[in-house]
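There are 2 protein chains.
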Amino acid sequence: MVTLAEVAQHAGVSASTVSYVLSGKRSISVTTRQRVERSIRELGYHPNAGARALASSRSNIIALMVPLRTDMYVPVMMEIAIAVATTARTHGYDVLLLTGEEGPDAVRRVSGSGLADGMILMDVELDDERLPLLRETDQPAVLIGLPADTTGLTCVDLDFKATGALCVEHLATLGHRDIAVIGEAPAVYERHTGFAERTLDGLRSRGRELGLRLLHRPCEGGYDAMAVTLSRILDERPGTTGFVVQNESAVEPLLALLRQQGRAVPEDVSVVSICPEQVAVQASVRLTSVAIPAQEMGRHAVEQLVAKLDGRGGDEVVLLAPELTVRASSGPAPAQ
Amino acid sequence: MVTLAEVAQHAGVSASTVSYVLSGKRSISVTTRQRVERSIRELGYHPNAGARALASSRSNIIALMVPLRTDMYVPVMMEIAIAVATTARTHGYDVLLLTGEEGPDAVRRVSGSGLADGMILMDVELDDERLPLLRETDQPAVLIGLPADTTGLTCVDLDFKATGALCVEHLATLGHRDIAVIGEAPAVYERHTGFAERTLDGLRSRGRELGLRLLHRPCEGGYDAMAVTLSRILDERPGTTGFVVQNESAVEPLLALLRQQGRAVPEDVSVVSICPEQVAVQASVRLTSVAIPAQEMGRHAVEQLVAKLDGRGGDEVVLLAPELTVRASSGPAPAQ
DNA sequence: AGAGGATGTCGAAGCGCTTCGACAGCTTTC
DNA sequence: GAAAGCTGTCGAAGCGCTTCGACATCCTCT
Chain F
15 MVTLAEVAQH AGVSASTVSY VLSGKRSISV TTRQRVERSI RELGYHPNAG ARALASSRSN
75 IIALMVPLRT DMYVPVMMEI AIAVATTART HGYDVLLLTG EEGPDAVRRV SGSGLADGMI
135 LMDVELDDER LPLLRETDQP AVLIGLPADT TGLTCVDLDF KATGALCVEH LATLGHRDIA
195 VIGEAPAVYE RHTGFAERTL DGLRSRGREL GLRLLHRPCE GGYDAMAVTL SRILDERPGT
255 TGFVVQNESA VEPLLALLRQ QGRAVPEDVS VVSICPEQVA VQASVRLTSV AIPAQEMGRH
315 AVEQLVAKLD GRGGDEVVLL APELTVRASS GPAPAQ
Chain H
15 MVTLAEVAQH AGVSASTVSY VLSGKRSISV TTRQRVERSI RELGYHPNAG ARALASSRSN
75 IIALMVPLRT DMYVPVMMEI AIAVATTART HGYDVLLLTG EEGPDAVRRV SGSGLADGMI
135 LMDVELDDER LPLLRETDQP AVLIGLPADT TGLTCVDLDF KATGALCVEH LATLGHRDIA
195 VIGEAPAVYE RHTGFAERTL DGLRSRGREL GLRLLHRPCE GGYDAMAVTL SRILDERPGT
255 TGFVVQNESA VEPLLALLRQ QGRAVPEDVS VVSICPEQVA VQASVRLTSV AIPAQEMGRH
315 AVEQLVAKLD GRGGDEVVLL APELTVRASS GPAPAQ
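Which chain is which? The protein sequence lines are F and H, in order. The first sequence begins at 15 in my numbering and counts up by one. The second sequence begins at 15 in my numbering and counts up by one.
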């Protein structure tokens, strides 16, 4: 293993000079710099991460805490994780993958051991038990998701309230009056995951303003659960012509069931989905949807965190504006 | 930040004693150990990761390299990643998430900097460009997937050849003679991803033994691509009654199309899928399938790697035996 | 009783890096 | 032309831990 000292000797300079070439924290003459850089290349030198962390008390590592559960939004999580990892690299950071399993202790362990310089938490619940710890250890951190109390925290998320509003607006504009909302699994609401509630809030408040009739039903996803949910909805509100779906694994079953019942999409019924772009495009009917900007969220989170670590910028809540893309699943409401 | 020295002072012992309590590498009297452990708890001590890594040249970190591409098997990847992370924790390791973006350089960087003690590579291609590096730096590593040349490497994977064989056997047993194989996207084959080719190998060789007629077609997945692929298949082999599908995003479109054409599953046509359990269960027809044991693969990979790092065990290729679960999508071939 | 072996603890060296202060050799300034 | 200021480089200290050899003690054999 090549060390700084060996590089220094090879280049005929002192160790500190090599260090300054690497960090750029002091000015170095052009000739010296080039000599050192050449030695580094020739010897194939890579600074030892541990030594660096010890001496500088900076590990250049960001911890990413993903939920253990794999019951929802897996592709979104993955996309975020990958975006976090690649964005982090462009800022010189690596990413440590923590699962929710360890629970809040992970926060303590990571901040106590100096393993990571900061953390990004995904799947934040409204009243997340990791937050008190985060505040008390004042770990630089960024949340993906929005807890109930955001004071002193930096958060990044899609503006789900606006998303909900956007969906009903679109359907209202097309003339739909009776709208059913197929939501996430009941467990998601029980857990008080913020995004589900905020979406609902947006749907309802804008729906009320527009004078729509809204019916919200959580749904486990999958074909069977969707069948039950759908028939209940149609029993209760036979005039339903618009659907807003916020549950990836309910989308395709819903389309299949509607088709099966002879309800044509979008002629008889319009469907708007809140889901990743890929799902919307690959569905059996190309879906009018509000995309979940997973990459953006990951990127923003890293950038906020890096800014914090650099002493720039403070606590901020970044809500990304939703964008609705009209595709083949929504159209004018049928004449009464 | 609490240091070892502070703990030592608080407990009235030397620093080395505390270190030995922590590592268990020398015997310590019960009373001393308890005193030290108490101090650790009271002060909330966490060993500094950097210092530890520097002194011991062990970081207790495993690097996990996931593919950048998110075009296939995303939930599987995620499940593996999570299994890797949680299993690693039970062995005292953390996981560093590397994306394919950096390419082979990541191997150099990680092994050069001592950032990680070993690595796990996912999505290994038959002739993967990371392998020479792995061999030359002799990084302890485990591959998930099987390259062409496995000498000197430890690999973990599903036995895809046996998986292919199992699928055709099942269909043959039910009396199907004309079988179509819906494969991964053409790009996957072009990239020479081992698992796709091995599956095909298993399908073909067992199919030949059983005297079946096999037709293999790659497919992009999604509704439209599947529609084209299916109609081509049925043009060419109208008597096809069995389908083997190895492409998550083709499964549901296939079922929808068959339904639409009035071909009942499993009465007229049987479908066997190679996919994660969840997909099989949630499909509109519960699918007879060979599950991709993502968790198992992640767990095995970590265990192999940890064994290597502990100096136990050597190079080995672990192929997990496939298991076919019969569900509602396969049945006896229709009478001619 | 004294040699020899366990057992438990300590001191010190050193892992590879960053960073601070020092300083030699310049150039600028009045 | 001496004082003052830059620039570029170096030496040394120290980050917090592990680990090696040394050394008391206390047992256990003959």
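Where is the CB? At the ideal position from N, CA and C, for every residue including glycine.
Going by DSSP, L271 (chain H) is part of the alpha helix (DSSP H) stretching over E262 to Q274. Residues of chain F whose Cβ lies closer than 8 Å to the Cβ of Q153 (chain H) do not exist, since the nearest Cβ in that chain is about 12 Å away. The count of Cβ pairs closer than 8 Å, one atom from the segment 39 to 50 of chain F and one from the segment 42 to 51 of chain H, stays below three, leaving the stretches out of contact. Residue burial is scored here from C-beta neighbours: V331 (chain H) has fewer than 16 other C-beta atoms within 10 angstroms and is therefore classed as exposed.
With respect to chain H, the C-beta atom of V109 (chain F) has a partner C-beta closer than 8 Å. The DSSP assignment places complete alpha helix (DSSP H) segments of no fewer than 4 residues inside the segment 185 to 270 of chain F at 200 to 204, 208 to 223 and 237 to 250, in order along the chain. Listed along chain F, the residues sitting closer than 8 Å to L82 (chain H) by beta-carbon distance are I96 and T100. Within the same chain, F174 come within 6 Å of F209 (chain H) by CB-CB distance, once the 5 residues on both sides are set aside. Residue pairing by DSSP places G132 (chain F) opposite F:I76 in a beta bridge. For P200 (chain H), the number of other beta carbons within 10 angstroms of its own is below 16, and it is reported as exposed.
Distance from the CA of E234 (chain H) to the CA of S284 (chain F), rounded to the nearest whole angstrom, comes to 27 Å.
Here the segment 278 to 292 of chain H makes no contact with the segment 309 to 316 of chain H; the two share fewer than three CB pairs at distances below 8 Å.
DSSP places T168 (chain H) in the uninterrupted beta strand (DSSP E) bounded by T168 to L172. Considering only F:A95, F:R231, F:A315 and F:C181, the residue with the shortest C-alpha distance to E337 (chain F) is F:C181.
Residue pairing by DSSP places L157 (chain F) opposite F:L135 and F:C169 in a beta bridge. Taking 8 Å as the cut-off, the Cβ atoms of V299 (chain F) and S263 (chain F) do not count as close. For the pair L111 (chain H) and L111 (chain F), the CB atoms are nearer than the 8 Å cut-off.
According to DSSP, A305 (chain F) shares a beta bridge with F:C289.
Bounds of the alpha helix (DSSP H) holding D119 (chain F) are D119 to S127.
Residue pairing by DSSP places V35 (chain H) opposite no residue, since no beta bridge is assigned to it. For T113 (chain F), the uninterrupted beta strand (DSSP E) segment begins and ends at D108 to T113. Under the 8 Å criterion on CB atoms, V32 (chain H) is classed as non-interfacial with respect to chain F. DSSP, read as helix, strand or coil, puts T17 (chain H) in coil.
Close to T164 (chain H), with beta-carbon spacing below 9 Å, lies no residue of chain F; the smallest spacing is near 27 Å. Take the alpha-carbon of E56 (chain H) and the one of R313 (chain F): they are about 39 Å apart. With distances taken between CA atoms, T113 (chain H) lies nearest to H:M136 out of H:P146, H:A99, H:M136 and H:S71. Within chain H, E266 have C-beta atoms less than 7 Å from the C-beta of E266 (chain F), given in sequence order.
Contact with chain H is absent for L57 (chain F), since none of that chain's Cβ atoms lies less than 8 Å from the residue's Cβ.
Inter-residue distance for L160 (chain H) and T168 (chain H) is about 9 Å (C-alpha atoms, whole angstroms).
Among the residues of chain F, none has a CB under 7 Å from the CB of Q275 (chain H); the nearest is roughly 13 Å distant. Per the Cβ contact rule, the segment 136 to 155 of chain H is in contact with the segment 317 to 325 of chain H (3 or more Cβ pairs under 8 Å). Fewer than three Cβ pairs drawn from the segment 142 to 149 of chain F and the segment 88 to 102 of chain F lie within less than 8 Å of each other, which leaves the two stretches out of contact. Burial state of R220 (chain H) is buried, judged by a 10 Å Cβ sphere holding 16 or more other Cβ atoms. Here the alpha carbon of V80 (chain H) sits roughly 44 Å from the alpha carbon of H190 (chain F). For N261 (chain F), no chain H residue has a Cβ inside 7 Å of its Cβ, as the nearest lies near 12 Å away. Contact check for P348 (chain H) against T213 (chain H) fails: the beta carbons are separated by 8 Å or more.
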